[in-house]
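Peer 1:
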Amino acid sequence: MDYISLNTIPHYAECAPLVEGLGYKLVELRITPQKGTVRILAVIAAKDPSLDIGVNDCSKVHHALLPRLEALLGTDDTYMELTSPGMERNIKNAAEFELFTGRQVRVWDRTVNDWVGGTIVSADEKSVTLEQPGAEEGTGTVRCIVLFENIAKAKFIHL
């Protein structure tokens, strides 16, 4: 899995602080010109991993983010779709792991040829650290570091 810094995504650096000021994290931002209009896809997540994103949350961010993007792009001929990550999101960019600290995920680790699951404790440019319950009840937790180069795919664990 590749690590692509979120700040290299066009207009991410200008929009992320606005979204964070509203109490959310900007997970994904895609801007695509289409037949004279500009299509914008934005994905937001709650700062607290135990909270879900609802329609009212999306509406709140949409009303603040759309004018900012229209000013940055110099057009008001836009279509914007703003969503939550969803319960079964496939993590597309290794940089997203840091945004989802505290969430349960599973990653396909090429070195063990199997899924490795746990709660994201931390992430950097090279790896993600997952915390897993101990194999036997009462043994505490185990931390597992998985290098991004060894991850074939990753997704949320939804209960």
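Numbering of the sequence shown is given in the numbering used here, commencing with residue 334 and proceeding in unit increments. Note that the Cβ used here is the ideal one computed from N, Cα and C, for glycine as well.
How should Arg422 be labelled, buried or exposed, when 16 other C-beta atoms within 10 angstroms of its C-beta is the threshold for buried?
Peer 2: One-based indexing of the sequence shown puts residue 422 at position 89. With 16 or more other Cβ atoms within 10 Å, it is buried.
Peer 1: May I have the straight-line CA-CA distance separating Glu353 from Leu359, to the nearest angstrom?
Peer 2: Looking up residue 353 in the sequence shown gives position 20. Looking up residue 359 in the sequence shown gives position 26. Cα-Cα distance, rounded: 7 Å.
Peer 1: Just the C-alpha distance for Glu349 and Asn340, rounded to the nearest angstrom, thanks.
Peer 2: The count along the sequence shown starts at 1 and reaches residue 349 at position 16. The count along the sequence shown starts at 1 and reaches residue 340 at position 7. The amino acid at residue 349 is misidentified as Glu; the sequence shows Ala. Computed Cα separation, rounded: 9 Å.
Peer 1: Between Val449 and Val479, is the Cβ-Cβ spacing less than 8 Å?
Peer 2: Locating residue 449 in the sequence shown gives position 116, where the first residue counts as 1. Locating residue 479 in the sequence shown gives position 146, where the first residue counts as 1. Contact flag set, yes.
Peer 1: Can you tell me the Cα-Cα spacing of Ser338 and Thr411, whole angstroms?
Peer 2: Walking along the sequence shown from the start, residue 338 turns up at place 5. Walking along the sequence shown from the start, residue 411 turns up at place 78. Near 25 Å, if we compare the C-alpha coordinates of Thr411 and Ser338.
Peer 1: Below 8 Å on the Cβ atoms is my contact criterion, and I expect Lys558 with Arg439 to pass it. Report the Cβ-Cβ distance as a whole number of Å.
Peer 2: Within the shown structure, residues of the chain are numbered from 334 to 492, placing residue 558 beyond reach of any answer.
Peer 1: When the Cα atoms are used, what is the spatial distance from Gln437 to Ala404?
Peer 2: Working through the sequence shown from its first residue, we reach residue 437 at position 104. Working through the sequence shown from its first residue, we reach residue 404 at position 71. Approximately 37 Å, taken between the alpha carbons.
Peer 1: Write down every uninterrupted run of the alpha helix (DSSP H) in the region 342-426 whose length is 4 residues or greater and which is fully enclosed by it, in chain order.
Peer 2: 345-354, 388-406, all fully within the region 342-426.
Peer 1: Give me the DSSP bridge partner(s) of Glu464.
Peer 2: For this step, residue 464 is matched to residue 131 along the sequence shown. Glu464 pairs with Thr452, Arg476.
Peer 1: Can Phe433 and Lys459 be called in contact, C-beta distance under 8 Å?
Peer 2: On the sequence shown, position 100 is the one that residue 433 refers to. On the sequence shown, position 126 is the one that residue 459 refers to. Not a contact, by the Cβ cut-off of 8 Å.
Peer 1: Between Val394 and Leu374, how many whole angstroms is the CB-CB distance? I'm expecting something under 8 Å.
Peer 2: By 1-based counting over the sequence shown, the position of residue 394 is 61. By 1-based counting over the sequence shown, the position of residue 374 is 41. Their Cβ separation, rounded to whole angstroms, is 13 Å, which puts Val394 and Leu374 out of contact at 8 Å.
Peer 1: For Phe433, name the three-state secondary structure that DSSP assigns.
Peer 2: Numbered from 1 along the sequence shown, position 100 holds the residue referred to as residue 433. In this structure, Phe433 counts as coil in the three-state DSSP scheme.
Peer 1: Going by the beta-carbon positions, is the gap between Ala378 and Pro418 smaller than 8 Å?
Peer 2: Your numbering for residue 378 matches position 45 in the sequence shown. Your numbering for residue 418 matches position 85 in the sequence shown. Contact: yes.
Peer 1: Confirm, please, whether the CB-CB distance from Asn483 to Asp335 is below 8 Å.
Peer 2: Start at 1 with the first residue of the sequence shown, and residue 335 comes out as number 2. Start at 1 with the first residue of the sequence shown, and residue 483 comes out as number 150. Cβ distance not < 8 Å, so Asp335 and Asn483 don't count as in contact.
Peer 1: Are the beta-carbon atoms belonging to Val371 and Leu406 less than 8 Å from one another?
Peer 2: Along the sequence shown, read from residue 1 onward, the residue named residue 371 stands at position 38. Along the sequence shown, read from residue 1 onward, the residue named residue 406 stands at position 73. Yes. Within cutoff.
Peer 1: Can you tell me which of Thr408, Leu402, Pro466, Arg363 puts its alpha carbon nearest to the alpha carbon of Gly369?
Peer 2: Here residue 369 refers to the residue found at position 36 of the sequence shown. Taking only the C-alpha atoms, the option nearest Gly369 is Thr408.
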